[in-house]
Amino acid sequence: MDREQVLHQLEQLYALQPERLSKQVRIEQALRYAITQQWPSGLRLPSHRRLAEALGVARQTLALAVGTLLDEALLKTAHGQGTWTHKPTALTLPSTHDKPLSRRAQKVLQGPGASLIQSGAFVPGIPDIAQFPMRKWRQLYASVTVPQNALLLSYSTGGYGPLKRAIRDFLERWRNIRCDIEQIIITDGTHNGIELCAMALADVGDTVAMESPCYWGARNVFTATGLNVEMLAWQPGAGHTLPDAPGTVQLAYLTGSHHYPLSVPTSVHDKQRLCDALSPAYILEDDYEFSRDDYPNLLFDAQSERHLLVGSFSKMMFPGLRLGYLVVPRQLAGPMNRLRSELFREGRMLDQAVLAQFIFDGDLDAWCRRIQRDYLGRQQVMHDQLRALPFIRRISPPSGAISLCIEFESHINDVQLAQALLKEHLIVRPLSPVCATHDPRSGLVMGVGMLSGETLAREAQRLRRCLENLLRLTPTRS
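Okay, so the sequence shown: first residue is 309 according to my numbering, each after it adds one.
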């Protein structure tokens with residue numbers, strides 16, 4: 309590959325990045341994609357001056373972006389030798405001659421996992437981080453650190469009290485949940501909360517029931533903690549496929565009020581029917597995405613001795629926050645808090661203090677109202693573009709969530725579709741890998757958090773055209 313080809317590809321990738329992002333971030337994302345997906349390892353890049361001219365940016369901006377990729381080891385440099393690509397080593401399972409990972413670890417690595425690409429057109433699960441009010445967030449950080457409160461530098465010993473009060477009030481306003489502060493456990497995001505529940509409420513070999521399709525991250529956590537995962541298909545309007553002779557189920561993991569990844573409202577009646585049939589010892593609902601008026605879809609009961617709710621602020625605000633919460637039965641609050649302290653320790657008091665003030669000041673409510681209206685409009689754009697595609701069984705209705713899902717006829721190879729779209733810099737996730745073996749559904753899961761305005765309209769049209777061309781070939785699953 310000559311340098312002119314390198315420049316041309318990089319210019320194309322740079323142009324595809326959302327214009328609301330800074331030039332440095334756009335360069336970083338374009339380079340990261342090219343190195344991991346297009347260019348060979350050891351490819352020497354043109355000079356910084358030539359790259360900056362081609363992209364129309366200052367050399368200092370380019371240098372900062374290149375510095376980030378050097379820190380990530382995706383680029384290498386040496387004095388007088390220029391800069392060249394360094395493709396990350398593919399993750400492989402150990403051979404029998406190596407010291408093997410545990411069977412649990414191998415099982416997790418063999419399943420669907422987090423994509424290495426976490427930005428780009430239609431990447432699912434990422435909220436709009438460009439419009440988030442970072443100026444206010446920085447001001448709050450300054451305000452909580454000015455007093456130099458040494459307590460904010462210590463372990464949190466159960467979570468920052470004011471944040472628990474703020475979450476309690478937020479849950480009452482938005483979810484119609486009335487609970488005590490003591491029932492709230494602050495976690496380092498959803499995965500941490502699910503892991504704590506798995507460790508506290510089940511033993512290795514116990515069965516956890518999950519819906520199919522499922523959230524892959526939760527399935528990975530349960531697998532890693534040694535639980536036996538049983539997946540039961542759920543069809544909107546038809547309910548769950550119940551086993552003929554259900555065994556002992558220790559934990560039922562259910563989606564909250566809005567199903568992920570199907571991106572449709574859930575049914576409290578379906579969930580209750582499933583729990584009546586399985587009689588799980590504990591019921592954990594994951595309130596992944598929600599709006600202010602969909603709380604009747606929750607099965608969760610704060611007064612129950614077996615209901616738990618897990619939630620995260622990462623999908624509401626920005627992924628790097630990694631703060632979430634658990635609402636647990638009163639009799640479990642003390643033991644689970646102590647277990648969290650013993651297993652994971654607790655800290656991040658500065659983050660917790662800033663988040664508490666952000667909620668108390670009304671900024672989280674205002675942000676949720678604003679961005680959910682925005683997401684609804686974006687989803688309508690996507691719906692209008694995609695609803696007439698061939699082989700579609702169902703497309704999720706427009707909502708205030710960051711994700712939407714297209715379901716195809718079961719013979720369509722959604723994995724092949726997703727791979728083909730990736731080559732066009734359109735990042736989606738196939739549905740079939742998160743379905744049970746007896747659930748033949750096919751589809752694509754995509755997000756609306758990274759695109760808006762004219763960029764969204766243009767990319768949605770491009771996605772439709774690409775899918776129309778690909779579906780004419782009707783790739784089928786073997």
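We put the beta carbon where it would ideally sit given N, CA and C, even for glycine.
The beta strand (DSSP E) that contains Arg701, what's its start and end? As a first step, residue 701 is located in the sequence shown; it is residue number 393 there, counting from the start. Segment 700–703, the beta strand (DSSP E) holding Arg701.
Should His566 be labelled buried (16 or more other beta-carbon atoms within 10 Å of its own) or exposed? Position 258 of the sequence shown, counted from the first residue, corresponds to residue 566. Taking every protein chain shown into account, the CB of His566 has 16 or more other CB atoms within 10 angstroms, so this residue is buried.
Would you identify the three-state DSSP class for Ser787, choosing helix, strand or coil? The question about residue 787 has no answer here: the residues shown for the chain are numbered 309 through 786.
Pick out whichever of Pro435, Ala338, Leu339, Glu613 has its Cα sitting closest to the Cα of Leu629. Walking along the sequence shown from the start, residue 629 turns up at place 321. Checking every option, the nearest Cα to that of Leu629 belongs to Pro435.
Residue environment, Leu417, which counts as buried when at least 16 other CB atoms sit within 10 Å: Walking along the sequence shown from the start, residue 417 turns up at place 109. With fewer than 16 Cβ atoms within 10 Å of its Cβ, Leu417 is classed as exposed.
Nearest neighbour of Leu550, chosen from Leu562, Val537, Leu582 [CA to CA]: As a position in the sequence shown, residue 550 is number 242, starting the count at 1. Of Leu562, Val537, Leu582, the residue nearest in Cα terms is Leu582.
Roughly how far, in whole angstroms, is the beta-carbon of Gln558 from the beta-carbon of Asp594, given that I think they are within contact range, below 8 Å? Position 250 of the sequence shown holds residue 558. Position 286 of the sequence shown holds residue 594. With a Cβ gap of about 17 Å, Gln558 and Asp594 do not count as contacting.
In whole angstroms, what separates the C-alpha of Leu739 from that of Ile591? By 1-based counting over the sequence shown, the position of residue 739 is 431. By 1-based counting over the sequence shown, the position of residue 591 is 283. Taking the straight line joining both Cα atoms gives about 25 Å.
Which value, in whole angstroms, describes the spacing of the CA atoms of Leu399 and Gln346? For the purposes of this step, residue 399 is identified with residue 91 of the sequence shown, where counting begins at 1. For the purposes of this step, residue 346 is identified with residue 38 of the sequence shown, where counting begins at 1. Here Leu399 scores only 48 on pLDDT, less than 50, and its place in the model is too uncertain to base an answer on.
C-alpha distance - Trp392 paired with Asn500, whole-angstrom precision: Counting from one through the sequence shown, the residue named residue 392 turns up at place 84. Counting from one through the sequence shown, the residue named residue 500 turns up at place 192. Between Trp392 and Asn500, the C-alpha separation is close to 38 Å.
Quick one: which unbroken alpha helix (DSSP H) runs of 4-plus residues sit fully inside the stretch 532–597? Chain order, please. Those alpha helix (DSSP H) runs which fall completely within the stretch 532–597 and span 4+ residues are 576–586.
Taking the beta carbon of Val512 as the centre, do at least 16 other beta carbons fall within 10 Å, making it buried, or is it exposed? As a first step, residue 512 must be located in the sequence shown, where it is residue number 204. Counting other Cβ atoms within 10 Å of its Cβ, Val512 stays below 16 and is therefore classed as exposed.
Rounded to the nearest angstrom, how far is the Cβ of Ile493 from that of Asn605, given a contact under 8 Å? What you label residue 493 is simply residue 185 of the sequence shown in a count that begins at 1. What you label residue 605 is simply residue 297 of the sequence shown in a count that begins at 1. At roughly 23 Å, the Cβ-Cβ gap does not stay under 8 Å, so Ile493 and Asn605 are not in contact.
Which of helix, strand or coil DSSP assigns to Gly751: Here residue 751 is taken as the residue at index 443 of the sequence shown, counted from 1. DSSP places Gly751 in strand when its eight states are reduced to three.
How about the stretch 690–701 and the stretch 724–735: do they share at least three Cβ pairs that are nearer than 8 Å? Contact between the stretch 690–701 and the stretch 724–735 is absent, because fewer than three Cβ pairs lie under 8 Å.
Ser707 to Lys623, Cα distance in whole Å? Your numbering for residue 707 matches position 399 in the sequence shown. Your numbering for residue 623 matches position 315 in the sequence shown. In a straight line, the C-alpha of Ser707 is about 15 Å away from that of Lys623.
Close-in-space but distant-in-sequence residues of the same chain around Glu336 (CB under 8 Å, 5 per side omitted): Numbered from its first residue, the sequence shown carries residue 336 at position 28. Excluding sequence positions up to five before and after Glu336, its CB lies within less than 8 Å of the CB of Ala373, Thr376, Leu377, all in the same chain and listed in chain order.
Let me check one thing: in DSSP terms, what residues is Phe289 bridge-paired to? There is no way to answer for residue 289, as the model of the chain reaches only from 309 to 786.
Determine whether the beta carbon atoms of Val742 and Cys522 lie at a separation below 8 Å. Here the question's residue 742 lines up with position 434 in the sequence shown. Here the question's residue 522 lines up with position 214 in the sequence shown. Taking 8 Å as the Cβ cut-off, Val742 and Cys522 qualify as a contacting pair.
Thinking C-beta only, is Thr533 closer than 8 Å to Leu658? Here residue 658 refers to the residue found at position 350 of the sequence shown. Here residue 533 refers to the residue found at position 225 of the sequence shown. Note that the C-beta distance between Leu658 and Thr533 is not below 8 Å.
Counting C-beta neighbours from all protein chains within 10 Å, is the total for Ala510 16 or more, i.e. buried, or is it exposed? Along the sequence shown, read from residue 1 onward, the residue named residue 510 stands at position 202. Ala510 is buried by the Cβ-count criterion.
What's the call for Thr531, buried or exposed, on a 16-neighbour Cβ count within 10 Å? Working through the sequence shown from its first residue, we reach residue 531 at position 223. A buried status is given to Thr531, since no fewer than 16 other beta-carbon atoms sit within 10 Å of its beta-carbon.
Under 8 Å: do the stretch 632–650 and the stretch 435–444 share three or more Cβ pairs, one atom per stretch? As far as the Cβ criterion goes, the stretch 632–650 does not touch the stretch 435–444, which means the pair count is below three.
Residues sharing a beta bridge with Arg737, DSSP: Locating residue 737 in the sequence shown gives position 429, where the first residue counts as 1. Arg737 is bridged by DSSP to Val753.
Distance cutoff 8 Å, beta carbons only. Does Leu592 sit that close to anything in chain C? Protein chain content of the structure displayed is limited to a single chain, and chain C is not contained in it.
Determine the DSSP secondary structure at Thr782, reduced to helix, strand or coil. Translated into positions along the sequence shown, residue 782 becomes position 474. DSSP places Thr782 in the coil class of the three-state scheme, outside both helix and strand.
Looking at Asp609 and the ligand SAM, is the gap between the Cβ and the nearest heavy atom below 7 Å? Only the bare structure without any ligand can be found here, which leaves the ligand SAM out of the picture.
Residue from Arg600, Arg648, Leu383 with nearest C-alpha to Glu503: Within the sequence shown, residue 503 is the residue found at index 195, counting from 1. With distances taken between Cα atoms, Glu503 lies closest to Arg648.
If contact is defined by three or more beta carbon pairs under 8 Å, each pair taking one atom from either stretch, is the stretch 481–498 in contact with the stretch 606–617? By the Cβ test, the stretch 606–617 is in contact with the stretch 481–498, since at least three Cβ pairs between them sit closer than 8 Å.
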